[in-house]
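Participant: Each protein sequence line maps, in turn, to chains A and B. Using numbering that gives the first Met the number 0, read the first sequence as starting at 0 and increasing by one per residue. Using numbering that gives the first Met the number 0, read the second sequence as starting at 0 and increasing by one per residue. Beta carbons are placed, not taken as given, at the ideal position from N, Cα and C, and that holds for glycine. These figures come from a predicted structure and were not determined experimentally.
Protein chains: 2
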Amino acid sequence: MSHTEPPGVRDVTRAKRSSERITKADISRERVLTAAARIFSERGYAGTTMRAVAKNVGLQAASLYYHYRSKEELIEAVLDMGINGVSHAVHAAVAATPPGSSGRDRIDIAIHAHLTSLVRFGDYTLASRRVLGQVPAHVRRKHVRLRDAYGEFWIALLEAARSADELRSDVDLRLARTFILGGLNFALEWYKPQGKALDDVARQFSLLIGDGIFAVPSK
Amino acid sequence: MSHTEPPGVRDVTRAKRSSERITKADISRERVLTAAARIFSERGYAGTTMRAVAKNVGLQAASLYYHYRSKEELIEAVLDMGINGVSHAVHAAVAATPPGSSGRDRIDIAIHAHLTSLVRFGDYTLASRRVLGQVPAHVRRKHVRLRDAYGEFWIALLEAARSADELRSDVDLRLARTFILGGLNFALEWYKPQGKALDDVARQFSLLIGDGIFAVPSK
DNA sequence: GTCTATACTTTGATAGAC
DNA sequence: GTCTATCAAAGTATAGAC
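1) Quickly, what does DSSP pair F213 (chain A) with across the bridge? List them, please.
2) Indicate the three-state DSSP secondary structure (helix, strand or coil) for F204 (chain A) in the structure shown.
3) Can you name the start and end residues of the alpha helix (DSSP H) that S18 (chain A) belongs to?
4) Within the continuous alpha helix (DSSP H) that includes S62 (chain A), where are the two ends?
5) Below 7 Å on C-beta distance, what does R42 (chain B) contact in chain A?
6) Who are the Cβ neighbours of D107 (chain B) in its own chain at under 6 Å, not counting the five residues just before and after it?
7) Shorter than 9 Å from the beta carbon of T96 (chain A) to some beta carbon of chain B?
8) Quick test of your reading: V77 (chain B) and L117 (chain B), contact by CB under 8 Å. State the CB separation rounded to the nearest angstrom.
9) At 7 Å on the CB atoms, spell out the chain A contacts of W189 (chain B), in chain order.
10) Would you mind stating whether L183 (chain A) and F213 (chain B) have Cβ atoms separated by less than 9 Å?
11) Three or more C-beta pairs under 8 Å: does that hold for the segment 12-28 of chain A against the segment 90-105 of chain A?
12) Would you call the segment 130-148 of chain A and the segment 158-173 of chain B touching, i.e. three or more CB-CB distances under 8 Å?
13) Please compile the residues from chain A whose C-beta is within a distance smaller than 7 Å of the C-beta of V77 (chain B).
14) Between which two residues does the alpha helix (DSSP H) containing S86 (chain B) stretch?
15) For chain B, find out if any of its Cβ atoms is closer than 9 Å to the Cβ of E71 (chain A); answer yes or no.
16) Does DSSP put K141 (chain B) in a helix, a strand or coil?
17) Give me the chain A residues within the contact set of N184 (chain B), using Cβ-Cβ distance strictly less than 8 Å, ordered along the chain.
18) What separation, rounded to the nearest whole angstrom, lies between the Cα atoms of I82 (chain A) and R129 (chain B)?
19) Can you confirm whether I154 (chain A), when its beta carbon is compared against all beta carbons of chain B, has any partner nearer than 9 Å?
20) Using the beta-carbon of each residue, which ones in chain A are nearer than 9 Å to A214 (chain B)?
21) Could you pull out every residue in the same chain whose Cβ sits closer than 8 Å to the Cβ of V143 (chain B), ignoring the five residues on either side in sequence?
22) Is DSSP giving D7 (chain B) helix, strand or coil here?
23) Go through its chain and collect everything with a Cβ distance to K218 (chain B)'s Cβ below 6 Å, but skip five positions before and after it.
24) Mind listing the chain A neighbours of R50 (chain B)? Cutoff is C-beta to C-beta under 9 Å, in chain order.
25) Could you spell out the range, first to last residue, of the alpha helix (DSSP H) harbouring Y123 (chain B)?
26) Among A:A35, A:T124, A:A175, A:A201, which residue has its Cα nearest to the Cα of G57 (chain A)?
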């Protein structure tokens with residue numbers, strides 16, 4: 000199983016208790032958000048017009064303002080989903096690791112969870128990746144903080160492995176972290192569900208990150 | 000030596016024979032291009048206005064049209080510099096490898112050249128990375144082709160190493176290639192010349208790509 | 001909830017003076 | 001080469017009807 004359910008109304012209408020009914024507004028709001036994520040990721044922040052988003056869901060531009068107060072609020076909602084989606088998924092997966100697991104096991108699990116949630120929240124994570132730098136400064140600050148916190152989680156993962164003497168002694172943790180995340184995140188740009196199963200990609204990446212590309216008696 | 004000269008008028012006014020004088024137009028044209036690269040990379044394609052670029056070099060918006068016929072032509076010039084700058088630098092560095100070099104030597108040299116030229120052409124490569132997807136379709140097509148050709152060069156590098164039996168047998172070449180380029184290119188987003196010397200970063204990445212992060216008797 | 005109508009701003013680009 | 005002046009098109013957002 001490499002693909003989980005994509006996010007739906009339930010995930011998107013945050014904090015709605017399961018007893019409450021899902022209203023027409025919830026549905027529209029979610030359709031708008033989905034369309035916005037895709038269009039923001041394709042055309043950038045300034046290149047995305049309220050008219051284009053509206054047209055995509057069969058509404059007039061003015062109607063979007065019933066669901067979101069402004070374009071800024073719309074991109075904020077998209078960025079939230081992208082960054083939190085991945086971050087929560089990876090935290091959860093690592094937390095669910097059996098007690099005796101090695102650092103390497105935990106890192107492999109993080110790689111797998113990162114990759115699958117990246118793809119699961121495809122348009123949202125793509126939008127985060129591509130427009131974070133183009134967004135009004137006060138919006139950007141908050142999400143840069145979230146992203147950095149996630150980065151620190153990876154440092155902790157690597158540090159744990161180092162403490163258990165699993166790492167080569169000459170590895171620079173922060174450089175390794177950025178390299179790993181750079182390589183994984185790039186998958187967003189090229190991975191297509193029709194191709195290789197995502198589980199296989201994750202396995203290959205684990206191998207690459209763990210052991211490199213060269214045969215052992217190489218150096 | 001980790002930083003080469005940044006590109007100047009000579010590089011930018013393409014195909015101008017060294018006997019010809021550099022005109023006032025050449026200077027303005029280059030200043031416009033430099034500013035455009037930075038602003039495109041910061042604000043995206045649609046978010047960059049001709050007025051903003053002009054203001055940045057102390058001109059009126061209308062004056063830009065003396066140097067570039069349109070916004071499209073301007074972004075094309077920026078993308079050209081970004082993609083060709085890196086591609087040419089890496090080709091040249093690998094071509095200059097001594098005859099007996101191993102596949103690993105050549106890959107290390109490519110990593111170093113990729114990283115240094117990435118940083119040398121900073122704003123241009125950043126612009127390519129960030130706005131390629133936002134640009135009018137016919138502009139994008141050409142540059143996607145260039146980028147893909149560069150990717151194939153890396154496949155050839157890896158294939159050569161495989162033929163010499165230097166690679167672990169279970170490495171998927173195309174996956175390894177995208178992972179490596181993803182990790183290297185991400186450096187664009189965080190590398191600051193004030194920090195660690197770029198040569199050291201390149202060395203770390205070579206180690207990471209070659210041998211991974213885990214100590215040898217780990218698996 | 002979604003519409004039509006519209007106010008106001010900013011955009012890429014051109015014309016023609018200097 | 002660069003300027004001022006200007007245009008038509010497109011942008012965000014609001015008001016008020018249904």
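Facilitator: In short:
1) B:L166
2) helix
3) Unbroken run through S18 (chain A): none, as it is neither H nor E.
4) 60-66
5) A45, Q133
6) S205
7) no
8) Wrong, their Cβ atoms sit about 15 Å apart, outside the cutoff.
9) T177
10) no
11) no
12) no
13) In chain order: nothing, as chain A lies at least about 15 Å away.
14) 70-94
15) no
16) helix
17) G181, F185
18) 18 Å
19) no
20) D164, E165, L166, R167, S168
21) L131
22) Checking the sequence shown, residue 7 (chain B) turns out to be Gly, not Asp. Here G7 (chain B) sits in coil by DSSP.
23) Residue placement at K218 (chain B) cannot be trusted, given a pLDDT of 45 that sits under 50; what the coordinates show is reported in the next sentence. Hits under 6 Å: none found.
24) Per Cβ cutoff of 9 Å: no residues; R50 (chain B) is ~13 Å from chain A at best.
25) 121-130
26) A:A35
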